[in-house]
Structures are given as structure tokens and as C-alpha cells.
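My numbering puts the first residue of the sequence shown at 167, with every later residue one more than the last.
All C-beta atoms in this analysis are idealised placements derived from N, C-alpha and C, irrespective of residue type, glycine included.
A short worksheet on the structure shown next.
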Amino acid sequence: MYQISRAKKKELVERIQSFFYEERNEEIGDLAAENVLHFVMSEIGPTLYNAGISDAIGMTEQKWISIEQDLEALKKPEVNR
Numbered sequence: 167m168y169q170i171s172r173a174k175k176k177e178l179v180e181r182i183q184s185f186f187y188e189e190r191n192e193e194i195g196d197l198a199a200e201n202v203l204h205f206v207m208s209e210i211g212p213t214l215y216n217a218g219i220s221d222a223i224g225m226t227e228q229k230w231i232s233i234e235q236d237l238e239a240l241k242k243p244e245v246n247r
């Protein structure tokens with residue numbers, strides 16, 4: 167599972183609690199909110215992580231194409247005799 171700081175975990179727990187209160191008019195405690203966070207991180211997190219990796223791969227491929235073009239432009243003409 168992904169590691170997050172205590173401060174970030176506390177913030178996320180509070181946001182989950184706010185969500186439940188605003189959307190469902192339910193007050194949930196810290197433990198319930200931590201359980202929701204754990205569920206999201208373990209069940210949904212890998213999908214989001216993999217999407218981020220795929221985006222990074224796509225961006226890297228585009229950058230590599232740009233670098234290749236820049237390098238090709240630096241080539242000097244060769245003298246044919």
C-alpha cells in the first residue's frame with residue numbers, strides 16, 4: 167500500500183468525514199473514515215496509480231520524440247567525394 171504522512175492521512179480522513187456529512191448527512195468517526203480511506207487506497211488506488219504511470223509513459227515518449235528531432239537538427243552535412 168502507498169505510504170502517506172500522518173498529516174496527509176489526517177487531512178484525508180477529515181475530507182472523507184466532510185463528504186459523508188455533506189453528501190449523505192451522516193457523521194462518521196475517525197475509524198470509519200480511515201476504513202473508507204484504506205478501501206479506496208487498496209481497491210481503487212492501483213487503478214489510479216497505473217493511469218498516472220501510463221500518462222507519464224505517454225509524456226516521456228512525446229518528450230523523446232522531441233529530443234530525437236532536436237538531435238537530428240544538430241547533425242552536420244557530410245561531404246561526399
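Coil, strand or helix - residue i by DSSP
i: residue 212; result: helix
i: residue 168; result: coil
i: residue 179; result: helix
i: residue 192; result: coil
i: residue 244; result: coil
Buried/exposed call for residue i, threshold 16 Cβ in 10 Å
i: residue 210; result: exposed
i: residue 265; result: The structure shown has nothing for residue 265, since the chain only spans 167 to 247.
i: residue 206; result: exposed
i: residue 245; result: exposed
Candidates the options: closest to residue i by CA position
i: residue 201; options: 170, 232, 182; result: 182
i: residue 176; options: 230, 195, 244; result: 195
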